Each structure stands twice: as structure tokens, then as C-alpha cells.
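J.:
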Amino acid sequence: MSKLLETNGLTVTFGGLNANDNVDIGIEKGSFVGLIGPNGAGKTTFIDAITGFVPTSAGSVVFDGHDLSDLKPHQRAQLGLVRTFQSLELFEDLSVKDNLLVAAHQTTWYTLALDVFRIQQKSEEIEERIDWALEVAGLKGLEEELPTDLPHGQRKLVGVARALAAQPNLVLLDEPAAGLDTAESNALGGHLRGLLDHDVTVFLIDHDMGLVLSVCDFIYVMDFGKIIASGTPEEIRSNPEVIAAYLGEEAGEVQARSAEELRGMSDTAGE
Amino acid sequence: MELIFGLFAGLASGSVFALLGAGLVIAYRGSGVINFAHGSVAAYAAFTWDELRDMPGETGIGNEGGSIYLPWFDPIPEWGFLKALHINNLPVEIHIMTDPPAWLAMIITLAMSAFIGLLMHFLVFRPLRNSPMLAKVVGSVGIMLYLQAVALLNFGGSNRADDGFWVFNSTSEPIENFLGMDDKNLPRSTPYLALAAILIGALAWALYRYTRFGLATRAADENEKGATLLGYSPQFLAGLNWVISSVLAGLAGVIFLHKTMPNQLNLYVVSALAAALVGGLTSIPGAIVGGLGLGAFASMGVSATSYSWWPEWLPVDGVRAFAPVLVVILVLYFRGHKLPIRGTVGLGRQPRAPATKHPMIGVGVGVFIALLMSNIFISKWESTLTMTLVAILAMLSLVVLLGFLGQISLVQWTLAGVSSFVLIRLASDGLKVRPMDFFVVWGPGLPDPLAALGGVVAAVILGLLIGIPALRIRGVQLAVVTLAAIVAIEDLVMRNRPLMGTAAHTMNPTPKPEWFGQYVGALDEQSNQTDYWKYTVFSIIVVALAGIFVVNLRRGVIGRRFLAIRSNERAAAAAGVNVARTKMLGFGVSSFLAGLAGMLIAYKMPMVTSEFFSPFVGLAMIAFVYLGGITTVWGAVLGGMLVGGGLFSEFGALHFEGITQAYINAVGGIGLIANAILTSGEGISLTLTNQAKALIATMRGTTPKTDEQEELVVAEEANV
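Residue numbers (our numbering), protein chains in the order written: chain A, 1 to 271; chain B, 1001 to 1720.
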């Protein structure tokens, strides 16, 4: 199988800090890949770098045979590399359906003329795609609502549906399950698996371990901007480094130690 | 030598830019608002000072002097039976004393400035604190319009010459042969002005640097929530900062009064903004240095025009006006992303922009009513009708750019002017248009649809050029650039003799326009009367087509993308929208519509002057379309009827004497502010539609019980 997305030595620097440090990943076409890591590991920065929202300081991103280095975010999206945002970033004044339509339409230089003379541009195909995106996100019947009138979980799903409406080859989902309850989260996982039947490759970022471990074929683990492990869910589950990074090295032990230190300090203060 | 003298002479105007700039910085740090009305506060203070010091009989206008005028007007006009009832009791004029001493007049003037600052805070910016940026900009533009109109009502529009205050006067002997330069006399007040700017700037800087109040303001500036948690009230701090800012404006207005007329101070806000931007909107010393530097730089440029190598096509006034624009654009372009975005708590939602569902019905009704009012049936309203149509067209251009795309550009009306001027220049052939014309305009004499096309294309090109900064900077900073651009275009393009022809800005007669053999001008050639019916029909067709154009734009793919960009540029890019190109498209479309409005004006007026396109007319257009509804075509229609010269206001002026342009602008300013606060900027048309919908729903009985009713039921049940 060919790699759909590849990063080679991708590095993002903020000031003196390497938010992403020499990251190499590869995502195969038709796969369901996950990226997990504790808060502040650099996951969102990684997505921003791939989609062109932050400048990279070194390394390259290759998508579907194109080197993305010189491409702007919208050009990357037009190639089929579409993302969602952790922080919603919806068009809040547009209805749910309009949110999707913005992503679904491609424009050319004469689109304005088509608009003005009311030449229908809503082909069957776009209608179908939007229908399907709403179906996957479970938003059927909410087409005319404003995102601001929906509960937080559903707003998150509008973001997912909008990404799907853009006819992606690869969709990067930045914590789509944050804010969803367990049942919603499970349902979303099921729907997302179904994307593979529609020629959509999925790259899922989340810190809900349960969701990622249950739906992904292959998982990368990031900590302090570096990939510290990769493998199938089973391998990740039993990888000691991952457990250390993710749960904190022997969490209980650390807690005990700090408690002891505190006690020591108060003792000295007492004397 | 010329240049060096120019540099020193420029410190005079530089000092007022510096003080006004420092005031802008203080207001921005205090409440996150860039106050476009800052120059108007200075102007009101200058008027107040002048009025207080006005000696009896000096001007011969019958002013007694020694009175102050509170910054409002009596809303009940004195006419008819109302006059007999004596119910107009709102105090406006208060007589202090005849011939008050200068120090007392100064204190009263500064108190008046402080009072205006407090009013601005409590009546406008405090209620708007959580509103979107557009609402805040519109609020301050509303104050600008209001203060200017009230100054006109209270002090009259007459030109005033004031000797000035203390050492800041025009009567002292000048410093002769300044710095050993022969025949170079520097006014004695100039070094005092520069000194005052530096001294006051240093005091203000120390106040914010070393006092507890200054620390708290800076804390609230960085993080409003954090400051609240520390026990400071950001709103109290904001109010205090508004007072300080306004007092500085008043001070600047008075000490500079001997050099200018109060009315001129309104537009000094452009240079003051440039100065404030040099200070990064946060640094008072930066603003002072920026202001003085800008004054010197502009004055040097003006001196340079006297050299033989200076190109003729760059007029003196153009250079003066272009200096701040250059500074604004350079600062914003190179440091725009570094300018602080003030840490305010979440901003409110943008006004909704619903698509019009059945435009043909509306257009049909509109065209029918317009035809009914035209000369074909009644003759009285023709001129007002066509003026309304022009305003509607100009406002449609604002609906596209401000309403749909969310780009706060104040320049569109000026672009209409450019289109008008270029059209006339292209259509002229060096012959007198009418026998009584004094001047002739030379030009290639293009036949008319081509000349009009040239005008519209010029407007579009200029509009796109102004749009370029919008790719890097957004929101209120764009408003600053476009305000600066207005002044520059007026002086650099419209009043540019080599470009537009001799006396073009005062007398610019329009050659006979013919479209495909049909005469479409407003001046009837046979009877020599204005308001020829063919022009009316032509305008109705153009405006109707433009209305349909905008409705369809909103309903189409591009319109949706405009709204997406207005809502969230990051998300739009992620959804595959080319933000840069789509924005430019918006600027182009909007400028195209403005250019069409310019064409209609050229055909309507016997001659076009640059006064017709003055910045304040443009700001009034924005005010009234915002009032009507900035996001809908109906808003533009309503706004066009409400604006001064439009059908509603002319109707008012005709039937109620005493309703003048100034009243209309004052009321417009108030309406603008009220609209921004009360309807979250959705305007009259959307508010009415919502009310109507709610009413229909109630009549059909489909509304659920209101909370109140439900509570009653619950209470009754509890009683049982």
C-alpha cells in the first residue's frame, strides 16, 4: 500500500522550544490511524503544521505525492487534506447546512457570474455528499439550526461534518470526542469506522485512550513533541514507555514522593 | 534649507497630532476602542473655548460670548404650537459670565471635555463593551457624526478665527531669521507647542508608569478578567481613562486653535491615529514622538513641493494628506500582527445576514413606487427620489463589504467620487458643456458608456488597492487605514489639478451622457431644467439591477463564502476557501457598486464637486445603512431613504421647518449608537421583520406560553 501522508523530520519551533521535534509518520491509504499523547505533547501543533496553519522550521510533509511546503492552508484543503479544530472554529452565523456547503463547493473565476444569474450549482453529487456527512455526524434534521443553538457535543460534530463535506482524501480529526459523553463517543467511533468504506482515510487525535484504542488500526504516541512509540493498539497498550508517558511514571509513586516532600517542608517550618 | 525649516515648522501641527495620538492610546488601553470621534471631541472643546472667549460684538454675529453649550441639542424644534407651549426646556446654553478670564475659560473647557468623555463612556462604549468590533467602530463613528452635527447646531458653521490661549497665540512676533536662515520666520508659538506636547506626554507617561491607577489600567489592558479578580473594576478604570483621553483632546484643541478653525480638528484624528500607531497603540511616548515626527515629515514634504524637481502631479495638499496614510499603512503592514489585540472578554455575535427569498416581488414594488413618484406622475419629488436611489446604490456597496464580508472599510463613498471624477474627465473634450461654464475640462472625449466604464474601473482598481492591506490586517485596523485613505484620495486624486483638470474640485461639469443613443442625464437639454425623466428611469433600472445582483450574491456560493470569512477566517481557510482571493473579490464587487453610484451622481449633478464626496457624507452613509440594516438589501433601501437628502428626511425638512441636515446627522448619530447597542447592529429592517414574524406567529396562536405565564401557572398550582 502507498503512503497517503508522510512527514519527514517535521520540526516546529516556538521561540526556543521544539513543539514538534523531528517527527516522522506515515499514513497508509484507507487506514485509520491515531495519535495520542498527554496534554501539551504537541498534537495540535502537529496538525497545524501538516495543514499549514503554523510554519515549520524543518522537515517536509508529502501528501498524495505533493510536497506541501509551499502550499497555503486552503490549497492543502483543496487537495483533499481536511481538518477539524479542537476549538470548534465554526461559522457561527451560518446554518449547519451552510457550514457544510462552504466546504462542499469548489469555486472558479466565473462562480460570481453563476451566482448572480442564479445558475444552479448544487449538483446532485454535492447534495448527496452533504446528506452523507450529516448522516455520519448524526446531525440529520438539524440542517437549519445555527451552531450556537446546539449543545457543545453537536457543535463538535458540525465541525466533523464540515470536514467530510469537503470531499477529503484524508481527514484529520482534532479531538472530536472531547465534550461528548461515553455513548455519543462510542457512536461517533462507529460512524468514523464507516468512513473507510467511502475512500476516506482518517487520522484521529484524541486523548480519550478508549476511543483511540478501540477504533484505530495503527497508533502513534507523542510526548514532548517527539514520537515515542508506534504500533497496533495491542502493542501500544503493553508498551511500558507509553504507560509511563501517558499515566505519569508510576503515578502512585510520584504522588507519594511529593506528599513526603511536603511533609518534610512543614516539619522544617515547624522547627 | 527649505526642508530643514519645513521640519521645524511642522512641529506645530506635529504637537497636536502627538497629543491627540496620546489620547487615542489612553482610550485604547482603557477600553479597547479606537475612538474615531477623538478629533471631534477636540473640535467641540475648541468651539467651547472660542465661544467663552468671544468678546461681545467682536465677530458681529451677535454672540454675547461667555456661554457654554452642553453637548446636545433641544430635541423639540421651536415651531408651531410647540413654540407657544414652551415645552422645550432641555438646557443647552448656560451663561457663565461675560468676558471670563483665560484660565477660567480653560478650566471650563477642559471640564466640558471631561464631561463628553464620561458621556461617551456611559452612553456608548460601556453598553457596547461586549459587542463585535464593527459595532464599536460604528459607535465611535456615530459619536463623530453626532458631535460634529451638534457643534454645527450650537455654534453655527461660521468660520472662526481665535487668537489662542496664553503663549499659544498668533499675535506674538515671530522668531525672525530662524536658525540663521534668511527670510524664514517661525511663529513664536511653535516651540511652545512642541514643548507642551513633550511635557504633557511625559506627565501622562509617568501617570501610567508610576501610579497605582496606571498599573491597574495596564493590568486590565493585558487581561480584563485577571484585573477583575484582583479587585479592580475594569469599567471604572475605563471611565477614568475616557476622561483623561478627552481632557487631552480638549487641551490639544485649545492650544492649537490659533492655527486652525475648530471644524478642521475633526479630521485631525487621521494623523493622530498614525501617531498612535507609531506608538503601537500602547506607548504614550511612542505616540508623542510619532506625532511630532509625522508633523515634521509632512511639513518637509510640503516644503519639498516648492523645488523644481518635484513632480507637478503631486499637489501640496496631497502630500500633507498622504504623509499619515503612508505611516498608517507602513506601520500596520509591517507590525500589524504584532499590535496588541486587547484582552476583552468574549465579543458578541455578528448581525445575522438572512437571504432574501423573493427579491423580484420587492424589486417590483420598489420600482413601481419609484416610478409613481417620478416626474411622469408628480414633479415635486424627482430630485429627492434620484438622490435616494444614489444613496441606496452606495449603501448596497457597503452591505456587500461591511455586512457580508465583515471588512470595516470607510472609503467606499470616496470611491464613488473617484468614479464620478474619472468619468467626467474621460467624457470631456475641452469644450464648454453649457454656455455659462467658467472652466472647461480637457479630456479624450470618450462616448458615454465607455467613460462610465472607465470611471467604474478606476473605482474598482482603487478599491482593490485599498483591499490589499486587508489581507494582512483586519477589523478596526482596516477602518483606520481606510479612514486615512479617504483623506488621501480626496487631496491626491479628486483635488489633483493635473490629474482631474483645472478647478475640477470646485467646478466639474458633466458632459452630456448618452447611452446607445438615449440621453440619460438629469439636465433636460431643451428646457434646461433638471430632473429629466429619462435619468430617473435610468437610475431606477441601475439600482434595481444592483439590488437583484446583491440579493443573488448573498444567495449564491460566493455570498456564503463571504459570510464564512466574516465569521472565521481560519475555519474558512481550513474548508478550502481562498481567503485572500475571496476578500479581494468582495472589495472589487463593492467598489464596482460604489463606482456605479458615482456614475449616477455624475449624470445627476450639473457639476460635481469634491465637497459632495466629503468624508462626513461617507460616514453618514455608513451610519444610515447600519441603522437601516447593514446585512440586507432592505437595510440599504431603508438607509437610503433615511439619510440626509433621502426621501424621509427631505419629507421631514419640507413639512417641519427647522429640521436641517445637522439635525438629521445628529439624530442619525444617536440612532446609530442606539442601534449598535439595542439590536446588536441588525438594524431597523431586520428588527421589523422579526417583530412582524413574531406578531404573525402570535396571531396564529403558535407561540408557546411565555415564561411569565408558565410561572403564573406554577404559582397558582403551588397555592392550591
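Glycine is no exception: its CB is placed at the ideal position from the N, C-alpha and C atoms.
Values in this document were obtained by computation on a predicted structure and should not be read as measured data.
Report yes if the CB atom of alanine 187/A is closer than 8 Å to the CB atom of glycine 138/A, and no otherwise.
T.: Position 187 of the first sequence, counting from 1, holds the residue named residue 187/A. Position 138 of the first sequence, counting from 1, holds the residue named residue 138/A. Going by C-beta atoms, alanine 187/A is nearer than 8 Å to glycine 138/A.
J.: Taking the Cβ atom as the reference point for each residue, do leucine 1405/B and isoleucine 1565/B lie within a distance shorter than 8 Å?
T.: Start at 1 with the first residue of the second sequence, and residue 1405/B comes out as number 405. Start at 1 with the first residue of the second sequence, and residue 1565/B comes out as number 565. Cβ atoms of leucine 1405/B and isoleucine 1565/B: closer than 8 Å.
J.: What residue range is occupied by the uninterrupted beta strand (DSSP E) comprising methionine 222/A?
T.: Looking up residue 222/A in the first sequence gives position 222. Start and end: 218-223.
J.: Measure the alpha-carbon distance for glutamate 1058/B versus aspartate 1099/B and round it to whole angstroms.
T.: Counting from 1 along the second sequence, the entry for residue 1058/B is found at position 58. Counting from 1 along the second sequence, the entry for residue 1099/B is found at position 99. Residue confidence for glutamate 1058/B is low, a pLDDT of 48 falling below 50, so the modelled location carries little weight; the figure read from the coordinates is stated next. Answer to the nearest angstrom: the Cα atoms are 12 Å apart.
J.: Residues of chain A with CB closer than 8 Å to the CB of phenylalanine 1549/B, please, in chain order.
T.: Against the second sequence, residue 1549/B aligns to sequence position 549. Those within 8 Å of phenylalanine 1549/B in chain A are Val116.
J.: Would you say glycine 1595/B faces chain A, with C-beta separation under 8 Å as the test?
T.: Start at 1 with the first residue of the second sequence, and residue 1595/B comes out as number 595. So no, glycine 1595/B is outside the interface.
J.: Would histidine 74/A pass as an interface residue toward chain B - the criterion being a Cβ-Cβ separation below 8 Å?
T.: Residue 74/A sits at position 74 when you count from the first residue of the first sequence. For histidine 74/A, the answer is yes, since a Cβ of chain B falls inside 8 Å of its Cβ.
J.: How many angstroms separate the CA atom of glycine 154/A from the CA atom of alanine 133/A?
T.: To locate residue 154/A, count along the first sequence from 1; it is residue 154. To locate residue 133/A, count along the first sequence from 1; it is residue 133. For the sequence presented, residue 154/A should be read as glutamine rather than glycine. In a straight line, the C-alpha of glutamine 154/A is about 13 Å away from that of alanine 133/A.
J.: Report the three-state DSSP secondary structure of phenylalanine 1322/B (helix, strand or coil).
T.: Translated into the one-based positions of the second sequence, residue 1322/B becomes position 322. In this structure, phenylalanine 1322/B counts as helix in the three-state DSSP scheme.
J.: On the DSSP letters alone, give me the boundaries of the alpha helix (DSSP H) that glycine 1430/B sits inside.
T.: In the second sequence, residue 1430/B corresponds to position 430, counting from 1. Counting along the chain, glycine 1430/B falls outside any alpha helix (DSSP H), and DSSP gives it neither H nor E.
J.: Give a yes or no on whether the minimum CB-CB distance between glycine 1576/B and chain A is below 8 Å.
T.: For the purposes of this step, residue 1576/B is identified with residue 576 of the second sequence, where counting begins at 1. It does; some Cβ of chain A falls within 8 Å.
J.: Using 8 Å for Cβ pairs, my map puts asparagine 39/A next to aspartate 24/A. What's the rounded Cβ distance?
T.: Here the question's residue 39/A lines up with position 39 in the first sequence. Here the question's residue 24/A lines up with position 24 in the first sequence. The pair is not a contact, with the Cβ atoms about 23 Å apart (cut-off 8 Å).
J.: Let me confirm a value: methionine 1300/B is counted as buried when at least 16 other C-beta atoms fall within 10 Å, else exposed. Which label applies?
T.: Working through the second sequence from its first residue, we reach residue 1300/B at position 300. Methionine 1300/B is buried by the Cβ-count criterion.
J.: Give the interface partners of isoleucine 1558/B over in chain A, defined as CB-CB distance under 8 Å, in chain order.
T.: Here residue 1558/B refers to the residue found at position 558 of the second sequence. Chain A residues near isoleucine 1558/B: Thr107, Thr111, Leu112, Asp115.
J.: Cβ of valine 1460/B within 8 Å of Cβ of glycine 1588/B?
T.: Residue numbering aside, residue 1460/B sits at position 460 when the second sequence is read from its first letter. Residue numbering aside, residue 1588/B sits at position 588 when the second sequence is read from its first letter. Cβ atoms of valine 1460/B and glycine 1588/B: closer than 8 Å.
J.: Kindly indicate the opening and closing residues of the beta strand (DSSP E) around valine 12/A.
T.: Residue 12/A sits at position 12 when you count from the first residue of the first sequence. Unbroken beta strand (DSSP E) run through valine 12/A: 3-14.
J.: Comparing alpha-carbon positions, which option in Leu1478/B, Thr1356/B, Trp1103/B lies nearest leucine 1330/B?
T.: Along the second sequence, one-based indexing puts residue 1330/B at 330. Per the Cα distances, Leu1478/B.
J.: Would leucine 1678/B be called buried (16 or more neighbouring beta carbons within 10 Å of its own) or exposed?
T.: One-based indexing of the second sequence puts residue 1678/B at position 678. Exposed.
J.: Apart from the five residues just before and just after tyrosine 956/B, which ones in its own chain have a Cβ nearer than 7 Å to its Cβ?
T.: The first residue shown for chain B is 1001 and the last is 1720, placing residue 956/B beyond what the model contains.
J.: Of all the CB atoms in chain A, is at least one closer than 8 Å to the CB of serine 1189/B?
T.: Taking the first residue of the second sequence as position 1, residue 1189/B is located at position 189. Not an interface residue.
J.: Does DSSP classify leucine 1147/B as helix, strand or coil?
T.: The residue given as residue 1147/B occupies position 147 in the second sequence. Helix, per DSSP.
J.: Can you find a C-beta in chain B that's less than 8 Å from the C-beta of arginine 162/A?
T.: Counting from one through the first sequence, the residue named residue 162/A turns up at place 162. Output row for arginine 162/A: interface = yes.
J.: Within the stretch 11-76 of chain A, note down every full alpha helix (DSSP H) run reaching 4 residues or more, in order along the chain.
T.: Runs of the alpha helix (DSSP H) inside the stretch 11-76 of chain A: 43-51.
J.: In chain order, what residues of the stretch 44-62 of chain A put their CB closer than 9 Å to some CB of chain B?
T.: The stretch 44-62 of chain A vs chain B, Cβ under 9 Å: Thr51, Gly52, Phe53.
J.: How would you list, in chain order, the residues of chain A whose beta-carbon sits under 7 Å from the beta-carbon of alanine 1564/B?
T.: On the second sequence, position 564 is the one that residue 1564/B refers to. Those are Phe91, Leu94, Val102, listed as they occur along chain A.
J.: Rounded to whole angstroms, what is the Cα-Cα separation between proline 1056/B and proline 1447/B?
T.: As a first step, residue 1056/B is located in the second sequence; it is residue number 56 there, counting from the start. As a first step, residue 1447/B is located in the second sequence; it is residue number 447 there, counting from the start. With a pLDDT of 48 at proline 1056/B, under the threshold of 50, the modelled position of that residue is not reliable, and no figure is offered here.
J.: Please name the residue, chosen from Ala1276/B, Tyr1307/B, Ser1283/B, that lies closest to alanine 1206/B on a Cα-to-Cα basis.
T.: Walking along the second sequence from the start, residue 1206/B turns up at place 206. Cα-wise, what sits closest to alanine 1206/B is Ser1283/B.
J.: Which residues does DSSP list as the beta-bridge partners of valine 171/A?
T.: Counted from its first residue, the first sequence places residue 171/A at position 171. Its beta-bridge partners are Val82/A, Val202/A.
J.: For alanine 113/A, which of Asn1552/B, Gly1142/B, Val1493/B has the nearest alpha-carbon?
T.: Residue 113/A sits at position 113 when you count from the first residue of the first sequence. Here the closest residue by C-alpha is Asn1552/B.
J.: Using a Cβ cut-off of 7 Å, pull out every chain E residue sitting near valine 1579/B, in sequence order please.
T.: Among the protein chains in the structure shown, which are A and B, there is no chain E.
J.: For a cutoff of 8 Å on Cβ pairs, would you count isoleucine 130/A as touching chain B?
T.: Taking the first residue of the first sequence as position 1, residue 130/A is located at position 130. Closer than 8 Å: no.
J.: Check the C-beta distance from valine 1016/B over to tyrosine 1268/B and give it rounded, since I have them as a contact under 8 Å.
T.: Taking the second sequence and counting its residues from 1, the one referred to as residue 1016/B is at position 16. Taking the second sequence and counting its residues from 1, the one referred to as residue 1268/B is at position 268. Yes, valine 1016/B and tyrosine 1268/B are in contact; Cβ-Cβ is about 6 Å, under 8 Å.
J.: Can you grab the Cα-Cα spacing for the pair leucine 35/A / isoleucine 205/A, in whole Å?
T.: Position 35 of the first sequence, counting from 1, holds the residue named residue 35/A. Position 205 of the first sequence, counting from 1, holds the residue named residue 205/A. So the two alpha carbons sit approximately 5 Å from each other.
J.: Below 8 Å on the Cβ atoms is my guess for alanine 1416/B versus phenylalanine 1592/B; work out the distance and round it to an integer in Å.
T.: Looking up residue 1416/B in the second sequence gives position 416. Looking up residue 1592/B in the second sequence gives position 592. Contact flag wrong, Cβ pair sits at about 11 Å.
J.: Can you find the residues in the same chain that come closer than 8 Å, C-beta to C-beta, to methionine 1181/B, ignoring five residues on each side of it along the sequence?
T.: Here the question's residue 1181/B lines up with position 181 in the second sequence. Excluding sequence neighbours, methionine 1181/B sits near Met1001, Ile1004, Phe1005.
J.: Under the three-state reduction of DSSP, which class applies to histidine 1358/B: helix, strand or coil?
T.: Indexing the second sequence from 1 puts residue 1358/B at position 358. Histidine 1358/B: coil per DSSP, three-state reduction.
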